[in-house]
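So the sequences go chain by chain: F and R. Just so we're aligned, residue 45 is where the first sequence starts under the working numbering, counting upward by one. Just so we're aligned, residue 15 is where the second sequence starts under the working numbering, counting upward by one. Encoded as structure tokens, the structure appears first; notes follow it.
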Amino acid sequence: MKYLIYFLFLAIVAGLNAGVAPFLQAQGAAPNFLFLLALAFALDKENYDCFFIALMAGLFMDALAGLPPGSFSLPLLLMVFLASAAARQFLVMDASLKFLGLFLLPAQLVFNVGFVAVNFGLFKIGMTSDFIGWANFWRQFASSFLLNLVFIYPVYIAVVQLKIFIRKQILREYKAR
Amino acid sequence: MVLLATYYILLTTFIMRFIYTKGFLIFFATLSAVFFLLLLQAKGWLGPVRQVFVQAPRPVAYLVGKTAGSVKGFLAAVYQLRGIAAENATLRGQVVELQRQLTDYDQEKRDNEALRKQLGFADSVKYSLVACSAIAENPFGLTDTLVLNCGGKQGVAVGQAVVSEGYLVGKIIYVDKYSSTALLAISSKFSVDAQISKTGSYAIAEGSFGAGMVLDRLPQTQDLQAGWLVTTAGINEQVPKGILLGQIGDVISSQNDLFKKTTLLSPIDFSSLGFVFVARP
Numbered sequence: 045m046k047y048l049i050y051f052l053f054l055a056i057v058a059g060l061n062a063g064v065a066p067f068l069q070a071q072g073a074a075p076n077f078l079f080l081l082a083l084a085f086a087l088d089k090e091n092y093d094c095f096f097i098a099l100m101a102g103l104f105m106d107a108l109a110g111l112p113p114g115s116f117s118l119p120l121l122l123m124v125f126l127a128s129a130a131a132r133q134f135l136v137m138d139a140s141l142k143f144l145g146l147f148l149l150p151a152q153l154v155f156n157v158g159f160v161a162v163n164f165g166l167f168k169i170g171m172t173s174d175f176i177g178w179a180n181f182w183r184q185f186a187s188s189f190l191l192n193l194v195f196i197y198p199v200y201i202a203v204v205q206l207k208i209f210i211r212k213q214i215l216r217e218y219k220a221r
Numbered sequence: 015m016v017l018l019a020t021y022y023i024l025l026t027t028f029i030m031r032f033i034y035t036k037g038f039l040i041f042f043a044t045l046s047a048v049f050f051l052l053l054l055q056a057k058g059w060l061g062p063v064r065q066v067f068v069q070a071p072r073p074v075a076y077l078v079g080k081t082a083g084s085v086k087g088f089l090a091a092v093y094q095l096r097g098i099a100a101e102n103a104t105l106r107g108q109v110v111e112l113q114r115q116l117t118d119y120d121q122e123k124r125d126n127e128a129l130r131k132q133l134g135f136a137d138s139v140k141y142s143l144v145a146c147s148a149i150a151e152n153p154f155g156l157t158d159t160l161v162l163n164c165g166g167k168q169g170v171a172v173g174q175a176v177v178s179e180g181y182l183v184g185k186i187i188y189v190d191k192y193s194s195t196a197l198l199a200i201s202s203k204f205s206v207d208a209q210i211s212k213t214g215s216y217a218i219a220e221g222s223f224g225a226g227m228v229l230d231r232l233p234q235t236q237d238l239q240a241g242w243l244v245t246t247a248g249i250n251e252q253v254p255k256g257i258l259l260g261q262i263g264d265v266i267s268s269q270n271d272l273f274k275k276t277t278l279l280s281p282i283d284f285s286s287l288g289f290v291f292v293a294r295p
């Protein structure tokens with residue numbers, strides 16, 4: 045039930061990203077709500093749902109960008125693993141709004157570098173005919189980071205509300221039994 | 015040597031702390047799932063799964079795109095009100111001039127067809143248009159691509175031209191059974207053979223980092239005038255001849271360069287492509 049709700053929520057966010065991205069672009073960069081969603085889940089120390097979120101969000105991104113599976117999924121999984129490990133190691137309290145900006149820059153660096161590396165690997169083995177390249181990455185990094193910084197706070201609040209909703213659903217199911 | 019050994023032991027211990035955690039096991043399991051999906055993709059069995067991920071966000075993307083488009087259109091109209099009246103007057107004059115030219119072209123076309131018939135030329139290649147709608151456009155700002163809701167089942171193939179309002183806007187680079195991906199003409203990876211309609215000179219039209227297009231490989235001795243129309247040359251059999259690309263803009267190369275290069279201005283708004291056509295030869 046929980047994972048079905050996650051999947052539907054991800055489908056809505058993916059649709060939001062696809063519909064809104066062309067109108068919110070700056071220097072060719074657009075905010076990536078699915079990436080921000082995965083990062084927000086990665087900072088949760090209670091469970092490991094972030095990996096399911098990262099896998100599904102990555103597959104949505106691969107499908108919507110027309111790239112082979114793994115192009116976005118692999119770097120997103122790596123980013124989530126590192127962010128989750130860092131949150132468990134260094135955050136004494138649960139993640140809150142003030143830690144988000146701190147995690148965003150290294151997370152975005154890992155994600156973007158990982159994406160270019162995976163894309164290069166897939167290009168070399170012939171799974172994709174389009175190598176994105178470093179030029180695109182450097183050209184858009186600053187504007188992409190600033191756009192993500194603006195939207196990470198509403199995304200985090202949405203994630204918190206989703207978790208509250210899921211907890212209520214689980215409690216309701218438990219009481220019904 | 016001792017320092018290296020200490021460094022190696024510390025690094026291994028640090029890595030071992032993460033390898034024997036639940037998080038790493040789940041991470042490894044999800045990585046394996048992704049590699050399994052890659053294997054399915056290589057075998058060509060991933061179509062149904064991919065369709066779920068492409069189609070699931072469509073309703074939301076459509077609604078959000080429509081709403082955002084309406085808001086953008088309203089705000090743009092308010093912002094540009096002053097210039098709209100002047101542009102309207104200029105366009106009316108251009109329409110009258112184009113109608114006069116159209117009459118001349120119709121006559122020339124009739125003469126051309128009569129001459130071709132007399133000389134026994136074969137009919138020029140025709141192409142059919144497949145109507146498609148855009149599911150997602152450059153959603154993550156990295157690929158300059160457009161995902162369309164038509165694929166191999168509708169006869170779409172790699173290399174075919176994507177057209178909107180009579181202008182070339184991209185080429186198909188990936189085809190699935192029910193969807194396909196087009197590379198936009200403004201992408202730096204895009205190139206197509208081009209021809210200046212006024213003089214018949216050949217050139218290459220290339221995308222320019224998501225910002226526009228340029229016309230390259232023109233001879234330095236070529237005389238050019240801003241506003242001349244540029245069309246596809248039809249050298250590549252997948253891209254039909256005569257599809258409009260844009261108008262010549264400013265010359266951006268210097269006289270010492272090997273080839274002359276100009277900007278190529280397209281009236282298409284590449285950020286809001288809703289419905290397009292794929293030209294099937």
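Ideal Cβ positions, reconstructed from N, Cα and C, are used throughout, including at glycine. A quick note: this is a predicted structure, and the numbers were derived from the prediction, not measured.
With a Cβ-Cβ cutoff of 9 Å, do residue i and residue j count as a contact?
| i | j | result |
| --- | --- | --- |
| VAL162 of chain F | GLY114 of chain F | yes |
| PHE291 of chain R | VAL176 of chain R | yes |
| LEU198 of chain R | ARG294 of chain R | no |
| THR245 of chain R | ILE257 of chain R | yes |
| ALA240 of chain R | TYR216 of chain R | no |
| ASN250 of chain R | GLY184 of chain R | no |
| PHE67 of chain R | LEU121 of chain F | no |
| PHE95 of chain F | ALA99 of chain R | no |
| ILE282 of chain R | TYR192 of chain R | no |
| LYS203 of chain R | ASP237 of chain R | no |
Can you name the residues that DSSP bridges to residue i?
| i | result |
| --- | --- |
| ARG294 of chain R | R:SER142 |
| LEU182 of chain R | R:VAL177 |
| PHE147 of chain R | Inspection of the sequence shows that residue 147 of chain R is occupied by Ser rather than by Phe. Answer is R:PHE289, bridged to SER147 of chain R. |
| LYS274 of chain R | R:LEU232 |
| ILE97 of chain F | Paired residue(s): none; ILE97 of chain F is not in a bridge. |
| MET227 of chain R | R:GLY221, R:LEU278 |
| GLN209 of chain R | R:TYR216, R:THR245 |
| TYR188 of chain R | R:THR195 |
| GLN261 of chain R | R:LEU243, R:LEU279 |
| ALA70 of chain F | F:ALA73 |
| VAL161 of chain R | R:ALA150, R:THR195 |
Suppose you measure from the CA of residue i to the CA of residue j; what does that come to, to the nearest Å?
| i | j | result |
| --- | --- | --- |
| LEU162 of chain R | GLU179 of chain R | 16 Å |
| VAL160 of chain F | GLN71 of chain F | 19 Å |
| ALA82 of chain R | LEU17 of chain R | 60 Å |
| GLN94 of chain R | PHE195 of chain F | 29 Å |
| ILE266 of chain R | GLY107 of chain R | 29 Å |
| LEU16 of chain F | ALA171 of chain R | The requested residue 16 of chain F does not occur in the structure, where chain F is confined to residues 45 to 221. |
| ALA148 of chain R | GLY87 of chain R | 19 Å |
| ALA196 of chain R | GLY169 of chain R | 15 Å |
| TYR34 of chain R | VAL204 of chain F | 29 Å |
| ALA75 of chain R | GLY288 of chain R | 11 Å |
| LEU87 of chain F | ASN156 of chain F | 19 Å |
| GLY170 of chain F | MET100 of chain F | 24 Å |
| CYS146 of chain R | PRO112 of chain F | 22 Å |
| LEU193 of chain F | ALA186 of chain F | 10 Å |
| VAL110 of chain R | GLU151 of chain R | 36 Å |
| TRP182 of chain F | PHE189 of chain F | 11 Å |
| TYR141 of chain R | VAL253 of chain R | 9 Å |
Can you pull the chain F neighbours of residue i, defined as C-beta to C-beta under 9 Å?
| i | result |
| --- | --- |
| ALA82 of chain R | GLY63, VAL64, PRO66, PHE67, LEU68 |
| GLN296 of chain R | Residue 296 of chain R lies beyond the residue range present for chain R, which begins at 15 and ends at 295; the question has no answer from this structure. |
| ARG64 of chain R | LEU103, ASP106, ALA107, PRO113 |
What residues from chain R crowd round residue i, counting only those whose CB sits closer than 8 Å?
| i | result |
| --- | --- |
| ARG183 of chain F | PHE223 |
| ALA55 of chain F | ALA70, PRO71, VAL74 |
| TYR92 of chain F | LYS36, GLY37, ILE40 |
| LEU118 of chain F | LEU45, VAL48 |
| LEU99 of chain F | THR44, ALA47, VAL48 |
| PHE85 of chain F | The contacting residues do not exist; PHE85 of chain F stays about 13 Å from chain R at best. |
| PHE125 of chain F | GLY37, PHE38, PHE41 |
Check the Cβ of residue i against every Cβ in chain R and list those closer than 9 Å, keeping chain order.
| i | result |
| --- | --- |
| PHE167 of chain F | Simply none; closest approach about 11 Å. |
| PHE95 of chain F | GLY37, ILE40, PHE41, ALA43, THR44 |
| ALA82 of chain F | Within chain R, no residue comes near ALA82 of chain F; the closest Cβ sits about 12 Å away, beyond 9 Å. |
| LEU121 of chain F | PHE41, THR44, LEU45, VAL48 |
Can you list the residues of chain F that residue i reaches, using a CB-CB cut of under 7 Å?
| i | result |
| --- | --- |
| LYS86 of chain R | PHE67 |
| VAL78 of chain R | GLY59, LEU60, GLY63, VAL64 |
| PHE67 of chain R | LEU103, PHE104, ALA107 |
| SER286 of chain R | PRO66 |
| TYR188 of chain R | GLY110 |
| LEU7 of chain R | Absent from the structure is residue 7 of chain R, since the part of chain R shown begins at 15 and ends at 295. |
| LEU198 of chain R | The premise fails here: LEU198 of chain R is roughly 11 Å from chain F at the closest Cβ pair, so nothing lies under 7 Å. |
Below 8 Å on C-beta distance, what does residue i contact in chain F?
| i | result |
| --- | --- |
| SER205 of chain R | Result: empty, since nearest Cβ-Cβ is about 13 Å, beyond 8 Å. |
Would you say the beta carbon of residue i is closer than 8 Å to some non-hydrogen atom of the ligand GTP?
| i | result |
| --- | --- |
| ILE49 of chain F | Absence of the ligand GTP from the depicted structure is noted, as is the absence of any ligand whatsoever, leaving it without description. |
*At a cut of 8 Å, does the segment 273-290 of chain R reach the segment 216-228 of chain R through at least three beta carbon pairs?*
In the pairwise beta carbon analysis, the segment 273-290 of chain R is classified as touching the segment 216-228 of chain R: at least three pairs are separated by under 8 Å.
*asked:* Does the structure place the segment 54-64 of chain R close enough to the segment 116-131 of chain F that three or more beta carbon pairs sit under 8 Å?
replied: In short, these stretches do not touch, since the Cβ pair count stays below three.
*Is the segment 175-194 of chain F in contact with the segment 50-59 of chain F, if contact means three or more CB pairs nearer than 8 Å?*
No, they do not touch.
_Validate contact between the segment 89-104 of chain R and the segment 124-133 of chain F using beta carbons, cut 8 Å, 3 pairs_ = Segments in contact, no.
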